[in-house]
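Asker: Here's a structure for you.
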Ligand SMILES: Nc1ncnc2c1ncn2[C@@H]1O[C@H](COP(=O)(O)OP(=O)(O)OP(=O)(O)O)[C@@H](O)[C@H]1O
Ligand SMILES: Nc1ncnc2c1ncn2[C@@H]1O[C@H](COP(=O)(O)OP(=O)(O)OP(=O)(O)O)[C@@H](O)[C@H]1O
Ligand SMILES: [Mg+2]
Ligand SMILES: [Mg+2]
């Protein structure tokens, strides 16, 4: 649980150092769209085509070696593969035992390959996503979202959520620390005490929202956080997107 | 439980993106119409609160393990369905973008599974009916437990559905359901207990917070219709897609009109093949290493292509990595001057 | 500039936090409001920017009555500095936070840019403009929230415990900053030395009423008066 | 009582908050730790009760090494007063909050009742025992969190900014309370006059190191030393 806080902290830290995801992805808008295309192309690979999936690892590998920034963070995050994915992959391993190929005496079953494909897809798609998002400062992601016509309500919500998650996480950690200091083993950590701890945190949060509203109202807030209208998707963006689509298509066709 | 990219086909994922996107658009419209600007910061910090509350863990009686709050039902009780839906969606988006919980394609599914059910089904049709406006402690307990559990079970059922429809797992439906539902029943009961505990705490210390805002208490009939429509889009399109697990191949087939896409008549492929002939490590792409006899004729896996594929793959990775390093260094140089 | 007449306020649970209070604050003056914990100071501050509307009696600022209709005008005139800067810095980066107010006022983009730059430079925050507020130090956060208020060019600035959590050097910097502002200032603080350094006049609150008002140095050196109101002499006089 | 040797600590983002620090605190003494915003004081406090475990170097308290195995013992010995009392009060009633620790220690119900009542009466909180902590005034919250610590009868008490938000009278009461406690005390504060009144020894922290240590009155009257570390003379000496 402490890793969560530190990962928010380090996600933010990465954001300050890297100004741009990668010069090869163009603007923030095209970077996000190219990432989406990448993930779509990757996930459309058939369930037995392991080389095809691994070839797509080229994209995150390229981005991380260009930017050098988030590689450590991305790797750290990737090591915690969702247990759900692992269960499903091992399900395939157990259920599909038909032998499909033999490499220097080792027989591979269909399940081994499709299971490996699930794990590889999971790692590569997440690496692709993180190596882009961890490099773009959050306010710029929000502006890109505006360009995609995401409703204003949601963009505002995202900005506030992002701003206050570290503040409230610190408060939550402190409260949990206060509880643990007086708990001695497990006795104080039962659910009833936790409910009142979470309840207290909730009341603090609501009070904070009230002060926040006052601060916003004092500065002319009328319901919109972003008054500046984000730039549109430009012809340059489309060019970048088209170029990368071609690359992804080529990868799909070759493997 | 978060749905994951790797278990989804593009069509299924896309269908749920559309369904969740429509729900977000509709909720945003409803919220904008309310003109209650005071709730904007409240939604923001409550979203952060869900994140923070998830870090507080507690021991689950009799198991020795620990759990934490999900928050879907709790937020809906405090904010009403539309605002809670947007808030929960924002939590899931941040989790997706910065922690890669689930993944980008799975985001639509996750919003649907984890935000739609508590906000638009469990709250109005279970919690509100049991607990009413001024709940007694007993009703509060029953309402939170039932609604939280039901919401989670519905979400879990949809995880099963989305996965099977994508055709990537080999698990049969019954096994999968038997695996998912008990796990989520347990998670749901814990979620219900904590939600109840927190609501009871708030009822004792600041009861005014639990009085629902009149206008957003309950989605109206048009909304119910809309929700059913979203469900239909999500499930029907995915179901339809289930016969075509491989989305791109499927669409290419539609375009080219042939099941196998034959190299002949496809200029792009021909050109690429020729290019590859010249450049690739293994000129003979169909290099055969495994005995023919072993290869299952039914199997979609071609041993030869796979092996040469692996070598080719490794070279692609090497090229990409080296190019990145070179380009990265070149780009950094001017800065050092 | 600020005129409070017969103001009373009770919280929903019945606590009478302000009780028949009257007070006048002249334009351009700097007034400190001091008193025991629970005396009603923060409740009063909430009336000055229209967050609470008078239940009984009236508050007017620059001749404008604080009521629902005039809220926008009141907000434009009164800048409020919170005790916790995290309650006030809500955008994803410092620059956007400072630009937020002027943008909502509908100023031209070019004017906003120069205005924001001037304020940030004046407070030595220009280098930090791209930082998320969460990454600023405590002192930097305090000055950043000051910037968000100053950029609105308020006629009155109201501060609730501005020195909490500041180290002595940052506290001194804040004193200099406040003394350099020519507008009407209202400061609520338990730090009587800070009040001594920044205020011309002082009001003592007790149980929701103003029990004494006068020149800062007179009031803050009157030991009996202070002790009768749960206060003490400023430390420099002890 | 407290022995810190070669302690270093970095946050995950690389900030080196404590840097090769060593310090010994004698049993029964009262030590103040002062320094600029961001000097690493709160990080140090988090090592004294085992919330952070030493990354490099060691911390031991009463002869017991702070490590994962000994955490329960450390928690029983060290009482911590948080910078923000809201972090420390989380039950629905003040009484339950104070009784929380003793109950988890497995004391008898009757003993708990007398113990809690004594502490609450001593801090003038007995009348407020049924209130939710959220409805207390800031000063009352501070005393309430003090009660939750005192009731555990700790051998060491560590306080982070104990005087913030207190009115001068309550601050004086806190000084008297602390001076009346015969246990080992560690106080982190920007309120140098408070440190002057409650501590025998003072350490100045700067960039994660102890740069000076000595008798409180010597250090706090050394203007050059203080100013070199973003501090100032206590106000009473100005
Ligand atoms: N939300 C609330 N509900 C009920 N009573 C409240 C509320 N907020 C404050 N009070 C009570 O109103 C009175 C005045 O509170 P206020 O916060 O104005 O005091 P203050 O002078 O700012 O005190 P402090 O110096 O501790 O900040 C106190 O008795 C307090 O307990
Ligand atoms: N969670 C964190 N992640 C990264 N850096 C941190 C974190 N918490 C503190 N720091 C940094 O560590 C350093 C020491 O912080 P610390 O909170 O110990 O300072 P402090 O002396 O208590 O300051 P203050 O007087 O403002 O309370 C600071 O530079 C701070 O920015
Ligand atoms: Mg106050
Ligand atoms: Mg600190």
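Residue numbers (my numbering), protein chains in the order written: chain A, 4 to 258; chain B, 467 to 803; chain C, 11 to 248; chain D, 11 to 248. Every residue gets a Cβ at the ideal spot worked out from N, C-alpha and C, and that includes glycine. Computed from a predicted model, the values in this text were never measured in an experiment.
Quick one: is the Cβ of residue 98(D) within less than 7 Å of any heavy atom of ligand 4?
Answerer: Checking every heavy atom of ligand 4 against the Cβ of residue 98(D), none is found closer than 7 Å.
Asker: Can a CB atom of chain D be found closer than 8 Å to the CB of residue 2(A)?
Answerer: The structure shown does not extend to residue 2(A), since chain A spans only 4 to 258, so no value can be given for it.
Asker: Which residues in the same chain as residue 188(D) place their Cβ atom closer than 6 Å to its Cβ, once the five residues preceding and following it in sequence are excluded?
Answerer: 208
Asker: How about residue 515(B): is its C-beta nearer than 8 Å to some C-beta of chain A?
Answerer: yes
Asker: Using the Cβ count rule (16 or more neighbours within 10 Å means buried), how would you classify residue 228(D)?
Answerer: exposed
Asker: What in chain A is Cβ-close to residue 85(D), meaning under 9 Å?
Answerer: 183, 184, 185, 186, 187
Asker: Does the structure place the region 140-148 of chain A close enough to the region 209-218 of chain A that three or more beta carbon pairs sit under 8 Å?
Answerer: no
Asker: Could you name each continuous beta strand (DSSP E) segment of 3 residues or more that falls completely within the region 174-247 of chain C, going from the start of the chain to the end?
Answerer: 194-198, 211-216, 219-225
Asker: Would you identify the three-state DSSP class for residue 35(A), choosing helix, strand or coil?
Answerer: Residue 35(A) falls in the helix class under three-state DSSP.
Asker: Three-state secondary structure (DSSP) at residue 98(D)?
Answerer: coil
Asker: Consider the C-beta atom of residue 248(A) and the heavy atoms of ligand 2; say whether any pair is separated by less than 7 Å.
Answerer: Because no heavy atom of ligand 2 lies under 7 Å away, the Cβ of residue 248(A) does not count as near it: no.
Asker: Quick check: what's the CA-CA separation for residue 244(A) versus residue 36(A)?
Answerer: 7 Å
Asker: Would residue 120(D) count as contacting chain B if we go by Cβ distances under 8 Å?
Answerer: no
Asker: Note down the Cα distance separating residue 197(D) from residue 221(D), rounded to an integer number of angstroms.
Answerer: Distance between residue 197(D) and residue 221(D), taken at the CA atoms: about 17 Å.
Asker: So if I threshold CB-CB distances at 7 Å, which residues from the region 139-165 of chain D count as touching chain B?
Answerer: 142, 144
Asker: For residue 18(C), name the three-state secondary structure that DSSP assigns.
Answerer: strand
Asker: If you draw a straight line from the C-alpha of residue 158(C) to the C-alpha of residue 94(C), how long is it?
Answerer: 14 Å
Asker: Label residue 43(C) either buried or exposed according to how many other C-beta atoms from any shown protein chain fall within 10 Å of its C-beta, with 16 as the threshold for buried.
Answerer: buried
Asker: Given that residue 206(A) touches chain D, what residues does it touch there, using C-beta distances under 7 Å?
Answerer: The answer, in chain order, is 144.
Asker: Let's test the definition: count the other Cβ atoms within 10 Å of the Cβ of residue 162(D) and tell me whether it reaches 16, buried, or not, exposed.
Answerer: buried
Asker: Would you check if the distance between the CB atom of residue 102(D) and the CB atom of residue 671(B) is smaller than 8 Å?
Answerer: Yes.
Asker: Can you give me the C-alpha to C-alpha distance between residue 591(B) and residue 583(B), rounded to a whole angstrom?
Answerer: Linking residue 591(B) to residue 583(B) through their CA atoms gives a straight-line distance of about 10 Å.
Asker: Along the chain, where does the beta strand (DSSP E) that runs through residue 91(D) open and close?
Answerer: Segment 88-91, the beta strand (DSSP E) holding residue 91(D).
Asker: For residue 551(B), name the three-state secondary structure that DSSP assigns.
Answerer: helix
Asker: Would you mind reading off the limits of the beta strand (DSSP E) that contains residue 11(D)?
Answerer: First-last for residue 11(D): undefined, no H or E at that position.
Asker: For the region 25-40 of chain D against the region 211-219 of chain C, do three or more pairs of beta-carbon atoms, one drawn from each stretch, fall closer than 8 Å, so that the two count as touching?
Answerer: no
Asker: Can you check which of these residues, 24(D), 41(D), 54(D), is closest to residue 219(D) by C-alpha distance?
Answerer: Per the Cα distances, 54(D).
Asker: Can you tell me which residues form a DSSP beta bridge with residue 240(A)?
Answerer: Paired residues: none, contrary to the question.
Asker: Leaving out the 5 sequence neighbours to the left and right, which residues in its chain are closer than 8 Å to residue 100(A) when beta-carbon positions are compared?
Answerer: 112, 113, 114
Asker: Hey, is the region 546-553 of chain B in contact with the region 238-256 of chain A, meaning 3+ C-beta pairs nearer than 8 Å?
Answerer: no
Asker: Beta-carbon within less than 8 Å of residue 112(C)'s beta-carbon, same chain only, minus the 5 sequence neighbours each way: which residues are those?
Answerer: Cβ-Cβ distances below 8 Å link residue 112(C) to 121, 122, 125, 126, 161, 162 in the same chain, with the five nearest sequence neighbours on each side left out; the list follows chain order.
Asker: Relative to ligand 6, is the shortest distance from any of its heavy atoms to the C-beta of residue 51(D) smaller than 7 Å?
Answerer: As far as ligands go, the structure on display features ligand 1, ligand 2, ligand 3 and ligand 4 and does not contain ligand 6.
Asker: Would you check if the distance between the CB atom of residue 61(D) and the CB atom of residue 180(A) is smaller than 8 Å?
Answerer: Against a cut-off of 8 Å, the Cβ pair of residue 180(A) and residue 61(D) comes out as a contact.
Asker: Against chain B, with Cβ distances strictly below 8 Å, would residue 140(A) count as a contact?
Answerer: no
Asker: I need the straight-line Cα distance from residue 519(B) to residue 233(D), nearest angstrom please.
Answerer: 46 Å
Asker: Quick check: the region 86-98 of chain A against the region 635-650 of chain B, are at least 3 beta-carbon pairs closer than 8 Å?
Answerer: yes
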